[in-house]
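Residue numbers (the numbering used here), protein chains in the order written: chain A, 53 to 315; chain X, 666 to 960.
In this text, a Cβ means the ideal position worked out from N, Cα and C, and glycines have one as well.
Note that the coordinates shown come from a computational prediction; the quantities given were computed from them, not determined experimentally.
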């Protein structure tokens, strides 16, 4: 059985591709799946930081492609999950160091011994994007409910459709109170504009910044409220028919009440 | 600019005495071209470009904003000018229209113009030389040319940097953004002295030790600090509405951008960090203090 090869892309940068890749990967590994995460952002790698493996990189993707090392030598095993591995991007090279054909071949190789190959795509729609997509057979498009992110996502959706790659959306960093106040687009609006199915909806949470800085995907921390949400996205990705997370915010008074109890 | 011309300029610089006796040949004072870049996407390059541009225009400077993100343009949206885009940067470069026809005047300020990026084209459709010529043309007409760079360090980045003489690095207080910014600084010409804007700072998180401070960021980057912008949901609203806060005299975000603009024009008295939090914290912390003696 060959792995599912999924590219996580967005067009716009900074909407959460790397965070999504890391957490979705960890959530799948937690379910016992064999997962490899591939950072294709050659020259601007960050997946290693988010996964906390930056000090353990010996070989990278470009060195594998150039035959300087074996693929298995370049795979970094996650310390928390036996079945989770990371293939880092080269930091001092540029995106033209690898071709689409090489990328497709390498992802095919990884697919042989895994259940999921999750490809973290660079921002933009240049060479790096084309490389990342070349290795994938399906896509997750991450967007935030902002007009600029949606416009960029729309452009990427068009490019994926040209290549006949099936895709689903993750709408990231939703602030329910802003949606309610009419200051932010709703989930339904975003799905409608992009004309695609929604795989998950993730609220804006300051826990992401802290866990990213510490290199601990927040899926690992059950006290993080996003952990359960990524868990559900992993289940939906595997075909379970779960409703999307309800993001209705507690009122300011219920927030206060919780704070008062906690104090 | 042709090679001979460049050499001539150098000759003057190296021989100041002789140069002083030669009148500059009716040279137009060229404006300053500044690229706004970051490496990492989504840290606020476009928002910064729009707001610093608006703030410079409010100081009476003639400003043009150039969207170099061909294929993924957004500066027109942030400025609320998306319905006025008729021609774009590639139309000018390819000679389809005159520069004047492609410049879009801002609705709010007569000093502020936008040159939009092409949406249905690719970054490969422009090269570094073409970009340099275009930016120089703009420098003849404007005091400030702010170039909104695409994310990444591919061709789009090289094109955006090509015509500039100065860079503003936008970075958020996150390790990934700092690493990317550091990489970008290393790719800029050695004789540049890029300045730093730390964007989306949450002082409350910094105090709790859950976010890097400005000093943490700059311990790695070591760049002159141009400004600090607080994280406020108002930015999202402003982007969706196409109304840069820099135009709003009552906005705290606007004040931070206006201070940056003042510093760009050489006003050393403008602070890099404008106080952004109301005295005594926000609503919730006040409520907490009232009921539990907590701060």
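What does residue i touch in chain A if you count any residue whose Cβ is under 9 Å from its own?
i                      : result
residue 713 of chain X : Ordered by position in chain A, no residue passes the 9 Å Cβ test against residue 713 of chain X, which lies about 13 Å from the chain.
residue 904 of chain X : 198, 199, 200
residue 870 of chain X : 258, 261, 262
Rounded to a whole number of angstroms, what is the C-alpha to C-alpha distance between residue i and residue j?
i                      : j                      : result
residue 945 of chain X : residue 840 of chain X : Confidence at residue 945 of chain X is low in this model, with a pLDDT of 43, below 50, so its placement is unreliable and the value that follows should be read with caution. Between residue 945 of chain X and residue 840 of chain X, the C-alpha separation is close to 30 Å.
residue 765 of chain X : residue 268 of chain A : 52 Å
residue 803 of chain X : residue 216 of chain A : 41 Å
residue 811 of chain X : residue 699 of chain X : 5 Å
residue 940 of chain X : residue 819 of chain X : 37 Å
residue 629 of chain X : residue 842 of chain X : Residue 629 of chain X lies beyond the stretch modelled for chain X, which goes from 666 to 960, so this question has no answer here.
residue 59 of chain A  : residue 244 of chain A : 22 Å
residue 696 of chain X : residue 827 of chain X : 15 Å
residue 777 of chain X : residue 806 of chain X : 12 Å
residue 925 of chain X : residue 901 of chain X : 20 Å
residue 821 of chain X : residue 732 of chain X : 11 Å
residue 71 of chain A  : residue 221 of chain A : 15 Å
residue 67 of chain A  : residue 189 of chain A : 22 Å
residue 847 of chain X : residue 165 of chain A : 36 Å
residue 82 of chain A  : residue 775 of chain X : 58 Å
residue 702 of chain X : residue 793 of chain X : 16 Å
residue 213 of chain A : residue 739 of chain X : 22 Å
residue 844 of chain X : residue 175 of chain A : 15 Å
residue 284 of chain A : residue 134 of chain A : 21 Å
residue 960 of chain X : residue 897 of chain X : In this predicted model, residue 960 of chain X has a pLDDT of only 35, less than 50, meaning its place in the structure is not dependable; the value taken from the coordinates is given anyway. Each residue's Cα considered, the two are about 21 Å apart.
residue 905 of chain X : residue 715 of chain X : 13 Å
residue 279 of chain A : residue 252 of chain A : 13 Å
residue 867 of chain X : residue 876 of chain X : 7 Å
residue 770 of chain X : residue 749 of chain X : 9 Å
residue 916 of chain X : residue 779 of chain X : 23 Å
residue 62 of chain A  : residue 138 of chain A : 21 Å
residue 767 of chain X : residue 809 of chain X : 17 Å
residue 193 of chain A : residue 933 of chain X : 44 Å
I'd like to check one pair, residue j with residue i: are the Cβ atoms closer than 8 Å?
i                      : j                      : result
residue 208 of chain A : residue 177 of chain A : yes
residue 8 of chain A   : residue 263 of chain A : With chain A covering only 53 through 315, there is no way to say anything about residue 8 of chain A.
residue 743 of chain X : residue 907 of chain X : yes
residue 707 of chain X : residue 64 of chain A  : yes
residue 885 of chain X : residue 864 of chain X : no
residue 694 of chain X : residue 735 of chain X : no
residue 850 of chain X : residue 859 of chain X : yes
residue 833 of chain X : residue 862 of chain X : yes
residue 146 of chain A : residue 187 of chain A : no
residue 755 of chain X : residue 791 of chain X : yes
residue 705 of chain X : residue 816 of chain X : yes
residue 246 of chain A : residue 293 of chain A : no
residue 98 of chain A  : residue 270 of chain A : no
residue 973 of chain X : residue 879 of chain X : The requested residue 973 of chain X is not part of the displayed model; chain X covers only 666 to 960.
If you follow the beta strand (DSSP E) that residue i is in, where does it begin and where does it stop?
i                      : result
residue 877 of chain X : Careful: residue 877 of chain X lies outside any beta strand (DSSP E) and carries neither H nor E.
residue 739 of chain X : First-last for residue 739 of chain X: undefined, no H or E at that position.
residue 890 of chain X : 890 to 895
residue 862 of chain X : 860 to 866
By the criterion of Cβ-Cβ separation under 9 Å, what are the contact partners of residue i in chain X?
i                      : result
residue 174 of chain A : 706, 816, 817, 819
residue 70 of chain A  : 841
Run down chain A in chain order and give the residues with a C-beta less than 7 Å from the C-beta of residue i.
i                      : result
residue 788 of chain X : 178
residue 620 of chain X : This structure gives no information on residue 620 of chain X, because the portion of chain X shown stretches from 666 to 960.
residue 736 of chain X : 177, 207
residue 742 of chain X : 199, 200, 203
Quick one: which chain A residues come within Cβ less than 8 Å of residue i?
i                      : result
residue 864 of chain X : Here the premise fails: no neighbours, minimum Cβ distance about 11 Å.
residue 877 of chain X : 265
residue 845 of chain X : 96, 98
residue 848 of chain X : 95, 96, 143
residue 898 of chain X : 227, 230, 235
Report the neighbours of residue i on chain X: residues whose CB is nearer than 7 Å to its CB, in chain order.
i                      : result
residue 262 of chain A : 875
residue 67 of chain A  : 707
For residue i, report the span of its alpha helix (DSSP H) as first-last.
i                      : result
residue 904 of chain X : 899 to 906
residue 925 of chain X : 917 to 929
residue 185 of chain A : 179 to 186
residue 91 of chain A  : Looking at the DSSP string, residue 91 of chain A is not in any alpha helix (DSSP H); the run it does join, the beta strand (DSSP E), is 87 to 91.
residue 148 of chain A : Looking at the DSSP string, residue 148 of chain A is not in any alpha helix (DSSP H), and its letter there is neither H nor E.
residue 913 of chain X : Looking at the DSSP string, residue 913 of chain X is not in any alpha helix (DSSP H), and its letter there is neither H nor E.
residue 69 of chain A  : 69 to 82
Please list, in chain order, the chain X residues whose beta carbon lies closer than 8 Å to that of residue i.
i                      : result
residue 101 of chain A : 840, 841, 844
residue 64 of chain A  : 706, 707, 737, 739, 816
Is residue i near the ligand FAD, with its Cβ less than 7 Å from a heavy atom?
i                      : result
residue 179 of chain A : The ligand FAD is absent from the structure shown, which contains no ligands of any kind.
_Assess contact between the stretch 226 to 240 of chain A and the stretch 86 to 94 of chain A, defined as three or more Cβ pairs (one per stretch) separated by less than 8 Å. Is contact present?_
no
*May I ask you to verify whether the stretch 126 to 135 of chain A touches the stretch 151 to 159 of chain A, counting CB pairs closer than 8 Å and requiring at least 3?*
no
_Under 8 Å: do the stretch 249 to 259 of chain A and the stretch 101 to 109 of chain A share three or more Cβ pairs, one atom per stretch?_
no
*Does the count of Cβ pairs from the stretch 134 to 144 of chain A and the stretch 105 to 122 of chain A closer than 8 Å reach three?*
yes
*Any 3 or more C-beta pairs closer than 8 Å across the stretch 200 to 207 of chain A and the stretch 154 to 168 of chain A*: no
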